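Contents: one structure, followed by commentary.
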Amino acid sequence: MGDRGTDNHSEVTDFILVGFRVRSELHILLFLIFLLVYAMILLGNVGMMTIIMTDPRLNTPMYFFLGNLSFIDLFYSSVIAPKAMINFWSESKSISFAGCVTQLFLFALFIVAEGFLLAAMAYDRFIAICNPLLYSVQMSARLCTQLVAGSYLCGCISSVLQTSITFTLSFCASRAIDHFYCDDRPLQRLSCSDLYFHNMVTFFLCSIIILPTIIVIIVSYMYIVSTVLKIRSTEGRKKAFSTCSSHLGVVSVLYGAVIFMYFIPDRFPELSKVASLCYTLVTPMLNPLIYSLRNKDVKEALRKILGKKILLFNSILTVT
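All letters in the sequence shown, in the order written, are residues 35 to 354 by the numbering used here.
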């Protein structure tokens, strides 16, 4: 099979991930940047999950959600980054049809799950600030588990639908995907099928995913701001806002990048790739930094772990 195309998607055995259209000398620099960012993602998110699981003081709903956020960030960046780094050194830059399906399915699953999880975290902050006396009752372990499980379930259902309608298209234009991973919009450009039904389903999925989660976040923070402004002491207001600032930062980065991505006209694929970098790699890298640098409990837990490691290392040196 060559660039002549195919008459049906079933004849396609692989695709070509074009990646970034830059000079070949810059591939080494891009590889090093991706490697550095991915290493920070691994270190930050694995570290965050380790801290949350090992420190009993962080056994609260907020950190339960945060641990799952780190897991999601770690997983969906791992779906994208390793293959992109391999392609910087590869001549063929190919990805199998099954590999492309898997990449789109897993990425769609976890990015949607993250959206619902951020909405659940906004609801958690709303209860903590607006109804603090009922917090332990309303945010029970069972409800937290249900919210997280529901986030993954919604991500899975959405991903099944999105992947199914995308890979039932006929790909006859080319097999070269003008992106650094298998994404829906670049795959549409390769199709010779009527995209009306595909676009309607995609619009429906975006409507029931993005709108409800954004509404929950906005309404939660409207109540939070209203409650915080009623607090008389400056110190009290500062403390209340500090518990929300990290979450707002994460929401702003993720939704800002996604909205920017889908407002970019389809005729600017290179700009779309840069926007995609924000939510595929930059957001998973920044999330642990945002929560660790702005969260006193996490910093104290990290100091405690590092202190134990230093004491253990010193004792080993003393014995030897």
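C-beta: ideal position from N, C-alpha, C; glycine also. Every value quoted in this text rests on a predicted model; they were computed, and no experiment measured them.
Check	Outcome
Just confirm the distance between the C-beta atoms of S111 and L315, as a whole number of angstroms; I'd bet it's less than 8 Å.	6 Å
Tell me the rounded alpha-carbon separation between M234 and R209.	24 Å
Take V141 as the anchor and find which of A153, V113 and I163 has the nearest alpha-carbon.	Reading the sequence as shown, one finds Phe at residue 141 and not Val. Of A153, V113 and I163, the residue nearest in Cα terms is V113.
When DSSP builds the beta bridges, which residues end up paired with D48?	S130
So, are the CB atoms of A335 and D89 less than 8 Å apart?	yes
Tell me, please, which residues DSSP counts as bridged to F205.	S225
What are the boundary residues of the alpha helix (DSSP H) that includes T261?	Y230 to L263
May I have the straight-line CA-CA distance separating Y169 from Y157, to the nearest angstrom?	11 Å
Take L311 as the anchor and find which of V46, G53 and F49 has the nearest alpha-carbon.	G53
Taking Cβ positions, are A115 and F68 nearer each other than 8 Å?	yes
Can you tell me where the alpha helix (DSSP H) holding H61 begins and where it ends?	L60 to T88
Give every residue of the same chain whose Cβ lies closer than 8 Å to the Cβ of I199, excluding the five residues on either side of it in the sequence, and list them in chain order.	F231, H232, V235 and T236
Would you report the Cα separation of G283 and I324, rounded to the nearest angstrom?	7 Å
Contact defined as beta carbons within less than 8 Å: I believe I243 pairs with V182. What is the distance between those atoms, to the nearest angstrom?	Not confirmed; about 16 Å, so no contact.
Less than 8 Å between C-beta atoms, sequence neighbours within five positions excluded: which residues of the same chain meet that for W123?	H61 and F65
For G78, which residues from the same chain have a beta carbon less than 7 Å from its beta carbon, with the 5 sequence-adjacent residues on both sides left out?	M319, P322 and L323
With 16 as the cutoff for other CB atoms within 10 Å, does T197 come out buried or exposed?	buried
At what residues does the alpha helix (DSSP H) containing P303 begin and finish?	P303 to L311
When burial is assigned at 16 or more other CB atoms within 10 Å of the CB, is E148 buried or exposed?	buried
Is it buried or exposed, S174, if we count other Cβ atoms within 10 angstroms and call 16 or more buried?	exposed
Out of V80, E125, L151 and L108, state which residue places its alpha-carbon closest to the alpha-carbon of F99.	L151
Residue range of the alpha helix (DSSP H) that S198 falls in?	A175 to T200
Assign N42 to one of three DSSP states: helix, strand, or coil.	Interpretation of N42 is limited by its pLDDT of 45, a score under 50 that renders its predicted location unreliable; no figure is taken from the coordinates.
When DSSP builds the beta bridges, which residues end up paired with A210?	I50
Which of helix, strand or coil does DSSP assign to E334?	helix
Mind checking which residues open and close the alpha helix (DSSP H) that includes V171?	Y169 to Q172
Determine the extent of the alpha helix (DSSP H) in which L92 is found, giving its start and end residues.	From DSSP, L92 is part of no alpha helix (DSSP H); its letter is neither H nor E.
Leaving out five residues before and five after P220 in sequence, what residues of the same chain have Cβ atoms less than 6 Å from its Cβ?	I211, D212 and H213
Which term fits I191, buried or exposed, when burial requires 16 or more other beta carbons within 10 angstroms of its beta carbon?	exposed
Among residues of its own chain, excluding the 5 on either side of K307, which ones have a beta-carbon nearer than 7 Å to its beta-carbon?	F54, H213 and F214
Output the distance between the C-alpha atoms of S227 and M256, rounded to the nearest integer angstrom.	44 Å
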